[in-house]
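If you read the protein sequences in the order shown, they are chains A and B. To convert, take the position in the first sequence, counting from 1, and add 220; that gives the working numbering. To convert, take the position in the second sequence, counting from 1, and add 198; that gives the working numbering. A short worksheet on the structure shown next.
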Amino acid sequence: MRSLCVEPFQNFSVVDTGARRTLTYCSPWKTNHKHEAVLFPPPSRPIRKTLCICLSSSSKLPVMMEEEKKTFDANETALLVKELNESFRTGKTKSYEWRVSQLKSIEKMVVEREKDIYEALYKDLSKPEFEAFVSEIAMVKSSCKEALKELKHWMKPEKAKTSMETYPSSAEIVSEPLGAVLVISTWNYPFALSVKPVIGAITAGNATVLKPSEIAPATSSLLSKLFEEYLDRSAVRVVEGDVPQTTALLEQKWDKNIFTQVLNFNTPNIVHLSLHTRYNCGRSPRVGRIIMTAAAKHLTPVVLELGGKCPAVIDSDVDLQVTARRIIGGKWQVNNGQACISVDYIITTKDFAPKLIDALRKGIEECFGTDPMESKDISRIVSSNHFSRLQSLMDEYKVYNKIVVGGQRNQKELKIAPTIFLDVPGDSQLMQEEIFGPLLPIITVENVKDSIDLINSKPKPLAAYLFTNNDKLKNYFVQSVSSGGMAINDTVLHVTVSSLPFGGVGESGMGSYHGKFSFDAFSHKKAVLYRSFSGDSSVRYPPYTPEKQKLIKAVMNGGIFNIILALMGWSRD
Amino acid sequence: MEGLEGTLAELRDTFQSGRTRSVAWRKSQLRGMIEFVQDNEERIFQALDQDVGKHPVEAYRDEVGVVAKSAKLSLSCVEKWMAPRKGDLPLVFFPASAQVMPEPFGVVLIMGSWNFPISLTLDPLIAAISAGNAVVLKPSELSPTCSSFLAENIPKYLDPKSIKVIEGGIDVCEQLLQQKWDKIFFTGSQRVGRIVMTAAAQHLTPVTLELGGKSPAIMDSSSNPTNMKVIAKRIVGAKWGSCSGQACIAIDYLLVEERFASDLIDLLAKTIKQFYGENPRESKSYCKIVNKNNFKRLLDLLTDPLVEASVAYGGSVDEEKMYIEPTILLNPPLDSQIMTEEIFGPLLPIITLDDIYESINFISSRPKPLAIYAFTRDEKFKKQILSRTSSGSVTFNDTLLQFLCDSLPFGGVGQSGFGRYHGKYSFDTFSHEKAILQRGFFPELEPRYPPWNSFKLHFIKLAYAFNYIGLILLLLGLKK
Chain A
221 MRSLCVEPFQ NFSVVDTGAR RTLTYCSPWK TNHKHEAVLF PPPSRPIRKT
271 LCICLSSSSK LPVMMEEEKK TFDANETALL VKELNESFRT GKTKSYEWRV
321 SQLKSIEKMV VEREKDIYEA LYKDLSKPEF EAFVSEIAMV KSSCKEALKE
371 LKHWMKPEKA KTSMETYPSS AEIVSEPLGA VLVISTWNYP FALSVKPVIG
421 AITAGNATVL KPSEIAPATS SLLSKLFEEY LDRSAVRVVE GDVPQTTALL
471 EQKWDKNIFT QVLNFNTPNI VHLSLHTRYN CGRSPRVGRI IMTAAAKHLT
521 PVVLELGGKC PAVIDSDVDL QVTARRIIGG KWQVNNGQAC ISVDYIITTK
571 DFAPKLIDAL RKGIEECFGT DPMESKDISR IVSSNHFSRL QSLMDEYKVY
621 NKIVVGGQRN QKELKIAPTI FLDVPGDSQL MQEEIFGPLL PIITVENVKD
671 SIDLINSKPK PLAAYLFTNN DKLKNYFVQS VSSGGMAIND TVLHVTVSSL
721 PFGGVGESGM GSYHGKFSFD AFSHKKAVLY RSFSGDSSVR YPPYTPEKQK
771 LIKAVMNGGI FNIILALMGW SRD
Chain B
199 MEGLEGTLAE LRDTFQSGRT RSVAWRKSQL RGMIEFVQDN EERIFQALDQ
249 DVGKHPVEAY RDEVGVVAKS AKLSLSCVEK WMAPRKGDLP LVFFPASAQV
299 MPEPFGVVLI MGSWNFPISL TLDPLIAAIS AGNAVVLKPS ELSPTCSSFL
349 AENIPKYLDP KSIKVIEGGI DVCEQLLQQK WDKIFFTGSQ RVGRIVMTAA
399 AQHLTPVTLE LGGKSPAIMD SSSNPTNMKV IAKRIVGAKW GSCSGQACIA
449 IDYLLVEERF ASDLIDLLAK TIKQFYGENP RESKSYCKIV NKNNFKRLLD
499 LLTDPLVEAS VAYGGSVDEE KMYIEPTILL NPPLDSQIMT EEIFGPLLPI
549 ITLDDIYESI NFISSRPKPL AIYAFTRDEK FKKQILSRTS SGSVTFNDTL
599 LQFLCDSLPF GGVGQSGFGR YHGKYSFDTF SHEKAILQRG FFPELEPRYP
649 PWNSFKLHFI KLAYAFNYIG LILLLLGLKK
């Protein structure tokens, strides 16, 4: 089954031509295949530039073929969504027992099929088993474990205090599932970033469709197989997608399918799009925009987990060896830099930079040997597309002579060695876009405090790191840098703390998950107020009189003394 | 529009300077807000009377009082809300500390609505201020008196460098929406909600959409024979007592068992007379319809022949006075517009069912409403309503009061919107929760780094399982 893919949107552009906007993109796989989305004003309101999207195909390919494909995909998707909605409406996904059984199945799946998962990850990214365990298997396992332990507690309605205005009453907040939700995941941690959001959706009691990334095909098909085998097919599904057919489906799915679903079944078909997409060229905010636009049509809430250029600021008073290793840990050890929270660039002082580079060089050698190209402990670049993107970043005339460590590459094996650049200009591609690979520029400043302005002049990153022993600097950094999350004197580790929300801000996304935050991200918090019939005050009702006005003022201001005065017919005003 | 860009640039500078982040600034603005409401109570009443014909009691209850209460609550709690929360950490991380620190988004846009032109504009403003944002406030152009009143007076009470009021119609809204905001808070219709979210998507701006929907009331007469009078009052209060039904949480339609329908209509009619007199047209306690457009829309709903035939009470209109009588309809066709779109006016369809339990399917087969009201004493029924329907809120045995309860989140789900506010939730809505992990340099765990070997894998596996004894044994070389 084919499905959503965001990859083709890399050549997406928005042209604002006043009253009529056009969105155009060319699929890189079909260069002669152009789709146009026209944002047109609805007929009733001439001026308004509303943003109802009508995706129309202006394909030069044989139209018949295209049409056939579309209807086929449309029907299939329609059926799938219908089925999921039906199972959701039976209420089975809401029960505690169902949620637990699914979580246990995921746990079992991970334990029983660990080897298969390593294999798939190796095929897609030649991810070392150790890294795969730490960042994929263990992450999923601990999420399951925590969810199983806490679920009862999370599901329990939360008591809320009630106030004078509503006396006598009681109130509670009930967490309820949203309905059928869609998780679109990514290729860099193709297992963990697919299964973790699904765990969140299941703990909250939703029916879930997972669309794994087709850029990690082995893991994608493994997930499809495993979900079929281990999970309740009527409520948890994997939809796999491959590149050439995505476009048609994308249109169907977002423009018609979901929409017609809503009309046909007249059900509150809530699709929670959770985009965990790491995508070509670090341009994921762009895809995020597309997804949010599509979601806007159905008023669907979205969680967008995007990326950004995550800086690491290094002060000169640090423990050099430990710092260097933690940087290595947060750069080349996390999928060879292909991680949304990996260190993107370093800012340090001019004087300290040479020492830091030496320490990093030594650290890299310790970790990956004298020839990192031969190391088994480092992932490769995911695809030839990404390889050539990184290559062009390295070869830009502004930066190619700034390499101080590494620089080796092997196109055939899709390998690039850990590479450090010193003092690249701010307007180079390397410093303009998210790197998402093993290249690490170091920017130097006179005073370490200047780094904060530099960070704040760029879009808000998903993570920001600071290494220092200076408490004042720590506080200043925490107060004045805005980012999704932060780790002080370490990298990446904050993601593993389930008591911390994981998510971006600004360009790095919106919404958060992990631990209880995952449950909340996929739940609606329903406010429930219980009242009885006693204590009904006529003040609330017309005909309104000056006395009622005084009393209502007193009640809302909350002063018992004033209430008594008002009731007795006296008042201060 | 250059003026707008200049305004935004100024707000950005202010925000960058850190001015809005301090507790002192937030508190001074909240105090300013309280003062604003106190000083201008009468003028607000007048403006509301002019725009929607609201009686001062209603105006205080739904607008002035709400704002004052919310500002006071924020003033007393803001410091507590701002404090970073500690996160739990497993022992393996030792020594370390984890915090969740709320931080303001930046420059935010608040778009108010016309039905509660003061409270639904200023309550979100209070929220944005408490969270430390710079704000552009856009009151609804459909309540022009209140809009210009706010534009004129807010700058006198609140920091004009950080809080701006921008007035205008659709063209201004469009220009505003083209700008990059750090957060948009919108109260209004679903149609415009879609437009706002689509525009927000272009800048990846998070949005809170406070929309409406057809909020049903379920009347379980058989379990409530003795309280009918109180119930009738509460229903009438929630339909016609709050801006003549032009409220997002007003009762939209009523579900009742067939055998009780006629009694209920009689009782409601009696209550209406008691509240608004024989001729509600002359009553000062009854709001007018906001404008011609809405009047015409409501008239269209009502004049559908099959709907008109179902009028059981009321039905008279007076276009000049923008008046529509409190009107009850019995079983209008379910596919008529009045039962498919949000009514947002003083028309109340009553739909009869054979068994009140059918109401659950009736509601859950329609888009999720903002509120459900259920009058029942049947505990089993209550449980079923809670678990088998979905809505922004559920209120048992009363109406509208959930709005006043600060400890309850107020917001929709599905077609009735997303995001929530009121009380602490207001603060959260305008804050980003930044996760912070602080670590020392020692001790450093060797097994975190390559080159990998089986010892390190074993170590990490034990650490992830929090198996500390195993870890010690491993380190001592006693475990394989």
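For every residue, glycine included, the Cβ atom is placed at its ideal position computed from N, Cα and C. Keep in mind it's a predicted model, so treat the numbers as computed, not measured.
Less than 7 Å between C-beta atoms, sequence neighbours within five positions excluded: which residues of the same chain meet that for residue i?
| i | result |
| --- | --- |
| Gln322/A | Ile422, Leu451, Asp452, Val456 |
| Ala266/B | Ile232, Val235 |
| Lys365/A | none |
Which whole-angstrom value describes the C-beta separation of residue i and residue j, a residue pair presumed to lie in contact below a C-beta threshold of 8 Å?
| i | j | result |
| --- | --- | --- |
| Gly704/A | Gly723/A | 6 Å |
| Phe641/A | Ile662/A | 7 Å |
| Ser514/B | Glu523/B | 5 Å |
| Leu345/A | Arg609/A | Rounded, the Cβ-Cβ distance is 16 Å, inconsistent with contact. |
| Ala544/A | Leu524/A | The pair is not a contact, with the Cβ atoms about 33 Å apart (cut-off 8 Å). |
| Leu545/B | Leu496/B | 7 Å |
| Ser328/B | Trp279/B | 7 Å |
| Asn408/A | Ala573/A | Going by Cβ atoms, the distance from Asn408/A to Ala573/A rounds to 29 Å, so no, they are not a contact pair. |
| Ala436/B | Thr469/B | About 12 Å; that fails the 8 Å criterion. |
| Tyr750/A | Ala391/A | 7 Å |
| Ile561/A | Leu635/B | That pair is no contact at about 12 Å. |
Note down the Cα distance separating residue i from residue j, rounded to an integer number of angstroms.
| i | j | result |
| --- | --- | --- |
| Ala326/B | Ser562/B | 34 Å |
| Leu599/B | Cys446/B | 13 Å |
| Glu378/A | Ser442/B | 33 Å |
| Thr439/A | Asn605/A | 19 Å |
| Val522/A | Leu407/B | 12 Å |
| Glu150/B | Pro293/B | As displayed, chain B neither begins before 199 nor continues past 678, which places residue 150/B out of reach and without an answer. |
| Arg224/B | Leu671/B | 54 Å |
| Arg177/B | Gly311/A | This structure cannot settle anything about residue 177/B, because the visible part of chain B is limited to 199 through 678. |
| Arg333/A | Tyr342/A | 14 Å |
| Gly615/B | Leu318/B | 15 Å |
| Thr568/A | Gly638/B | 19 Å |
| Ser454/A | Thr313/A | 10 Å |
| Ala412/A | Val428/B | 55 Å |
| Val563/A | Ser362/A | 24 Å |
| Met299/B | Lys284/B | 9 Å |
| Asp615/A | Glu203/B | 38 Å |
| Ile308/B | Val405/B | 10 Å |
Is residue i helix, strand or coil when you go by DSSP?
| i | result |
| --- | --- |
| Asp516/B | strand |
| Lys566/B | coil |
| Asn630/A | strand |
| Ser226/B | helix |
| Phe608/B | strand |
| Arg575/B | coil |
| Phe594/B | strand |
| Tyr451/B | strand |
| Gln636/B | strand |
| Pro402/A | Residue identity check: residue 402/A is Leu in the sequence provided, not Pro. In the structure shown, Leu402/A sits in a strand (DSSP, three-state: E or B). |
| Pro649/B | coil |
| Phe542/B | coil |
According to DSSP, which residues form a beta bridge with residue i?
| i | result |
| --- | --- |
| Phe303/B | According to DSSP, Phe303/B bridges with nothing at all. |
| Arg509/A | DSSP, once it has assigned bridges, lists no residue as partnering Arg509/A. |
| Phe150/B | Here chain B comprises residues numbered 199 to 678, so residue 150/B is not present and cannot be evaluated. |
| His630/B | Glu301/B |
| Pro397/A | Ser743/A |
Spatial neighbours of residue i within its chain, please: CB distance less than 8 Å, with the 5 preceding and 5 following residues excluded, ordered by chain position.
| i | result |
| --- | --- |
| Leu551/B | Leu453, Val454, Glu455, Glu456, Ser557, Phe560 |
Take residue i and list the residues in its own chain whose beta-carbon comes closer than 6 Å to its own, dropping the five residues that flank it on each side.
| i | result |
| --- | --- |
| Arg432/B | Asp596, Thr597 |
| Ala738/A | First, the residue type needs correcting, since residue 738/A is Ser and not Ala in the sequence shown. So the qualifying residues of the chain are Gly420. |
For the ligand GTP, is there a heavy atom less than 7 Å away from the beta-carbon of residue i?
| i | result |
| --- | --- |
| Ser440/B | With respect to the ligand GTP, the structure offers nothing, as it holds no ligand at all. |
Quick one: list the residues of chain C neighbouring residue i, beta-carbon separation under 7 Å, in chain order.
| i | result |
| --- | --- |
| Pro521/A | Looking for chain C here will not work: the only protein chains present are A and B. |
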